[in-house]
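Chains as they are written, first to last, in the numbering used here: chain E, 1 to 174; chain X, 175 to 348.
2 protein chains.
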Amino acid sequence: MELSPTAYVILGMLAVHPMSGYDIKTTVDYSVRFFWAASYGQIYPELSRLSEAGLVEGAAEPASGRRRTVYRLTTAGQDELADWLAQEPQVFETRDEALLKLFFADAAPDTAAASIDAKRRYHEAVLAQLREIETTGKPEGHPSVVLRFGIESCEWMVAWCEREAGRLREGAVR
Amino acid sequence: MELSPTAYVILGMLAVHPMSGYDIKTTVDYSVRFFWAASYGQIYPELSRLSEAGLVEGAAEPASGRRRTVYRLTTAGQDELADWLAQEPQVFETRDEALLKLFFADAAPDTAAASIDAKRRYHEAVLAQLREIETTGKPEGHPSVVLRFGIESCEWMVAWCEREAGRLREGAVR
DNA sequence: GAAGTCATGTAAACGGTTACATGATTTT
DNA sequence: AAAATCATGTAACCGTTTACATGACTTC
Numbered sequence: 001m002e003l004s005p006t007a008y009v010i011l012g013m014l015a016v017h018p019m020s021g022y023d024i025k026t027t028v029d030y031s032v033r034f035f036w037a038a039s040y041g042q043i044y045p046e047l048s049r050l051s052e053a054g055l056v057e058g059a060a061e062p063a064s065g066r067r068r069t070v071y072r073l074t075t076a077g078q079d080e081l082a083d084w085l086a087q088e089p090q091v092f093e094t095r096d097e098a099l100l101k102l103f104f105a106d107a108a109p110d111t112a113a114a115s116i117d118a119k120r121r122y123h124e125a126v127l128a129q130l131r132e133i134e135t136t137g138k139p140e141g142h143p144s145v146v147l148r149f150g151i152e153s154c155e156w157m158v159a160w161c162e163r164e165a166g167r168l169r170e171g172a173v174r
Numbered sequence: 175m176e177l178s179p180t181a182y183v184i185l186g187m188l189a190v191h192p193m194s195g196y197d198i199k200t201t202v203d204y205s206v207r208f209f210w211a212a213s214y215g216q217i218y219p220e221l222s223r224l225s226e227a228g229l230v231e232g233a234a235e236p237a238s239g240r241r242r243t244v245y246r247l248t249t250a251g252q253d254e255l256a257d258w259l260a261q262e263p264q265v266f267e268t269r270d271e272a273l274l275k276l277f278f279a280d281a282a283p284d285t286a287a288a289s290i291d292a293k294r295r296y297h298e299a300v301l302a303q304l305r306e307i308e309t310t311g312k313p314e315g316h317p318s319v320v321l322r323f324g325i326e327s328c329e330w331m332v333a334w335c336e337r338e339a340g341r342l343r344e345g346a347v348r
């Protein structure tokens with residue numbers, strides 16, 4: 001079967017434990033969104049497709065009066081997820097507007113410092129969120145490895161921005 | 175004016191010196207594509223739009239019989255680029271399928287090593303390309319700062335993958 | 001002569017975001 | 001009573017990729 005990576009995010013989340021589309025969105029926003037975001041506009045239609053394909057199964061489980069559909073992985077869904085995990089990852093993409101502006105900064109050299117600054121602040125903000133997740137969530141297993149990656153790579157990014165901002169101030173680039 | 179970031183990639187490239195759509199694509203593939211890719215399907219229509227908006231100007235400059243349109247920035251285009259450079263960068267996005275698979279690897283623990291391995295090989299490949307660009311292109315000014323960022327961040331990524339692969343082999347995660 | 005490169009462009013499809021709509025429950 | 005949260009979904013739009021089409025010149 002050929003599914004979009006975002007479909008596998010859903011399968012992966014349901015592998016941990018059954019949950020609603022709303023729960024999936026909340027969990028994604030708390031975890032993988034830093035390297036794979038997902039919106040309601042994807043999650044709900046994708047859940048329908050996965051259900052039709054027999055990879056997940058939804059059951060009405062109203063919580064305190066609110067209608068609610070909790071999905072769980074089927075055996076076929078577990079197999080599909082395992083197959084995907086065994087395949088070589090293909091997608092490595094970055095969109096970094098700060099690097100883009102820095103690259104073109106010869107056309108307006110006095111903007112370079114602000115671009116590096118914004119990049120530093122972005123990574124600092126992510127770092128704060130990840131540290132929050134580390135202390136409140138106390139993740140284990142492979143998610144904790146990925147979280148450590150996030151924290152350490154952000155630390156590296158912040159350090160690079162500080163170092164390069166310093167070099168700019170010294171006039172090393174012009 | 176509200177343009178897509180990819181439009182600014184075009185403006186930025188033309189700020190260095192006038193060139194054709196084909197040249198822009200070649201240059202992008204050799205430089206910013208690691209953090210901002212662009213395809214012909216974007217470049218040619220975007221050049222038309224920018225031309226209509228008066229930000230670039232095209233002139234027929236056939237090279238050895240082949241028809242060819244060389245674009246250059248207008249004064250308005252230079253202003254537009256400078257305005258954009260002065261604005262705070264907004265887009266910071268990463269899509270990393272290896273981290274995604276690693277995150278879900280509790281569902282198939284023996285796949286984790288291969289995902290980290292693939293990530294390491296990806297960054298090694300990029301590193302080789304960037305080092306090639308460094309030796310053959312000898313970039314200066316801000317592009318060289320960005321290139322150094324690319325090289326050093328890739329080195330960090332490769333080192334992280336090696337370290338974490340080692341920890342996995344030692345059975346530190348399960 | 002074939003393959004590769006220079007060069008321009010379009011159309012379809014895809015993945016994803018944003019905004020909107022709805023409505024119940026819970027918290028302030 | 002109002003604001004926030006839980007919960008589900010759709011429609012429009014946007015940016016991007018991929019595939020295709022065309023054709024001339026250059027290199028092997």
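All C-beta atoms in this analysis are idealised placements derived from N, C-alpha and C, irrespective of residue type, glycine included.
Residue i to residue j span [Cα, whole Å]
| i | j | result |
| --- | --- | --- |
| glutamate 52 of chain E | tyrosine 8 of chain E | 15 Å |
| arginine 348 of chain X | lysine 119 of chain E | 35 Å |
| arginine 269 of chain X | methionine 175 of chain X | 29 Å |
| glycine 315 of chain X | leucine 3 of chain E | 43 Å |
| proline 179 of chain X | serine 39 of chain E | 22 Å |
| glutamine 252 of chain X | tyrosine 30 of chain E | 41 Å |
| arginine 63 of chain E | valine 70 of chain E | In the sequence as displayed, the identity of residue 63 of chain E is alanine instead of arginine. Distance between the alpha carbons of alanine 63 of chain E and valine 70 of chain E: 10 Å. |
| glutamine 42 of chain E | aspartate 23 of chain E | 14 Å |
| cysteine 335 of chain X | glutamate 152 of chain E | 12 Å |
| aspartate 117 of chain E | valine 319 of chain X | 15 Å |
| glycine 228 of chain X | valine 32 of chain E | 42 Å |
| proline 283 of chain X | leucine 273 of chain X | 14 Å |
| glutamine 264 of chain X | phenylalanine 92 of chain E | 20 Å |
| arginine 66 of chain E | leucine 259 of chain X | 48 Å |
| phenylalanine 103 of chain E | tryptophan 210 of chain X | 11 Å |
| arginine 341 of chain X | glutamate 271 of chain X | 21 Å |
| glycine 311 of chain X | proline 317 of chain X | 11 Å |
| alanine 233 of chain X | glycine 171 of chain E | 38 Å |
| alanine 107 of chain E | glutamate 262 of chain X | 16 Å |
| valine 28 of chain E | glutamate 57 of chain E | 20 Å |
| arginine 343 of chain X | glutamate 220 of chain X | 49 Å |
8 Å Cβ shell around residue i - same chain, five flanking residues per side excluded
| i | result |
| --- | --- |
| threonine 223 of chain X | Strictly speaking, residue 223 of chain X in this sequence is arginine, with threonine absent from that position. Within the same chain, arginine 223 of chain X has close Cβ partners Ala181. |
| leucine 81 of chain E | Tyr8, Leu11, Gly12, Ala15 and Leu73 |
| alanine 105 of chain E | Thr111, Ala112 and Ser115 |
| tyrosine 44 of chain E | Gly21 |
| methionine 331 of chain X | Lys293, Arg294 and His297 |
Where residue i falls: helix, strand or coil (DSSP)
| i | result |
| --- | --- |
| methionine 175 of chain X | coil |
| valine 146 of chain E | helix |
| arginine 232 of chain X | Inspection of the sequence shows that residue 232 of chain X is occupied by glycine rather than by arginine. Of the three classes helix, strand and coil, the one that applies to glycine 232 of chain X here is strand, per DSSP. |
| alanine 227 of chain X | coil |
| alanine 346 of chain X | coil |
| alanine 63 of chain E | strand |
| phenylalanine 278 of chain X | coil |
7 Å CB neighbourhood of residue i in its chain, flanking five on each side removed
| i | result |
| --- | --- |
| valine 190 of chain X | none |
| phenylalanine 208 of chain X | Val300 and Gly324 |
| cysteine 328 of chain X | His297, Val300, Leu301 and Leu304 |
| leucine 147 of chain E | Leu130, Ile133, Glu134 and Pro139 |
| proline 192 of chain X | Val244, Tyr245 and Arg246 |
| threonine 200 of chain X | none |
| glutamate 164 of chain E | Ile116 |
| alanine 250 of chain X | Gly228 and Leu229 |
| aspartate 83 of chain E | none |
Spatial neighbours of residue i in its chain, beta-carbon cut-off 6 Å, leaving aside the 5 residues before and after
| i | result |
| --- | --- |
| glutamate 235 of chain X | Arg242 and Val244 |
| lysine 275 of chain X | Ser289 |
| alanine 333 of chain X | none |
Every unbroken alpha helix (DSSP H) within the stretch 239-269 of chain X, with a cutoff of 4 residues, ordered by chain: If we require 4 residues or more, the alpha helix (DSSP H) runs fully inside the stretch 239-269 of chain X come out as 249-260.
Pull out every residue of the stretch 98-111 of chain E whose Cβ sits closer than 9 Å to any Cβ of chain X, in chain order. Under the 9 Å Cβ criterion, the stretch 98-111 of chain E contributes Ala98, Leu99, Leu100, Lys101, Leu102, Phe103, Phe104, Ala105, Asp106, Ala107, Ala108, Pro109, Asp110 and Thr111.
Would you list, in chain order, the members of the stretch 294-320 of chain X that have their beta-carbon closer than 7 Å to a beta-carbon of chain E? Correct list: Tyr296, Gly315, His316, Pro317, Val319 and Val320.
Please give me, in chain order, every unbroken run of the alpha helix (DSSP H) with length at least 4 that falls completely inside the stretch 108-163 of chain E. Counting only runs of at least 4 residues, the stretch 108-163 of chain E fully encloses the following alpha helix (DSSP H) elements, listed from N- to C-terminal order: 112-137.
I'd like the ranges of any beta strand (DSSP E) spanning at least 3 consecutive residues and lying wholly in the stretch 18-54 of chain E. Qualifying beta strand (DSSP E) stretches: none in this window.
Residues in the stretch 235-258 of chain X with C-beta within 7 Å of chain E's C-beta atoms, listed in sequence order? Answer in chain order: Leu255 and Ala256.
Closer than 8 Å between beta carbons: that is the criterion. Which residues of the stretch 190-221 of chain X meet it against chain E? Using a CB distance below 8 Å, the part of the stretch 190-221 of chain X facing chain E consists of Val190, Ser205, Val206, Phe208, Phe209, Trp210 and Ala211, ordered along the chain.
Given a limit of 7 Å on CB to CB distance, which residues of the stretch 330-346 of chain X reach chain E? Of all residues in the stretch 330-346 of chain X, those with a C-beta nearer than 7 Å to a C-beta of chain E are Trp330, Trp334 and Glu338, reading in chain order.
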